[in-house]
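Everything below concerns the one structure shown next.
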Amino acid sequence: MIRINLLPVRQIKAKFGRRKDLMIAGASLAVTAVLIAGLHLYQSHQRSNLEKELASLQAEIETLNVKVREVADVEKKIADLKGKLTIIEDLARRKVGPVRVMESLSAAVPPSVWLTEFRESAGSLALTGIAIDNQTLADFLKALDKFVYFKNVDLIESSQDDKSSPPAKSFKFSVRGQVLYQPLPSPPETKPGPSGVSQRQEQKKP
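FYI, in our numbering the residues of the sequence shown are 870 to 1075.
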């Protein structure tokens, strides 16, 4: 009977089996390492692109901020110029307005009305005077209302006055209203005034 020692064969198979397992494990590790490296490279590439995009957006935002500041500066300059223009216009009104108001008031006063007081404060007007009769007083109020420099003119008080210097049965009156110191309107028309002399009529538009 022949005996065959199979132990070395088993040892060889076991040895090759371990090598195979090691090779598989090594290959798996290599593939995993390659995948990790590839993923790292991909993420690095993505990060680089995002950083570039972020830098571009930040540069664009800074450019827009500069433009916004420029617009704000322009708006401030415009506001300053408007303020200066308003001051100039106000000074012009204050310079020309009182003259025009007095001219208009003089043109509105009929011969049978005598003004005894004229007061103006912060655009509020107060007149007192004497009229020969109620109709003359009504005509005076209508004449005032036709001029652009007078607004909301109302008769506050009217009473008979026998002690005044004009003829007897005259009426004392008080008038309240508003004065508008606005620029001179379009060239005025020339028409006869109450006294027969041509007066400039700076009247309201109908």
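Glycine included, each C-beta is placed from N, C-alpha and C at the ideal position.
Item	Value
With 16 other Cβ atoms within 10 Å as the buried cut-off, status of A1012	buried
DSSP beta-bridge partners of G998	L984, F1042
Spatially closest choice to A1049 from E1026, L1024, F1016, by CA coordinates	Residue identity differs from the one stated: residue 1049 is Leu in this sequence, not Ala. The shortest Cα separation from L1049 among E1026, L1024, F1016 belongs to F1016.
Per-residue burial, Y911 [other beta carbons within 10 Å of its own, 16 or more giving buried]	exposed
Among R887, Y1018, V1044, nearest to E972 - alpha-carbon criterion	Y1018
Assigned exposure category for G952 - 16 Cβ within 10 Å defines buried	exposed
Cα-Cα separation between S993 and A941, rounded to whole angstroms	39 Å
Meets three-Cβ-pair contact criterion under 8 Å: the segment 1020 to 1030 and the segment 967 to 986	no
Assigned secondary structure, V937 (DSSP; H/G/I helix, E/B strand, else coil)	helix
Cβ-Cβ distance between L996 and V1044 below 7 Å	yes
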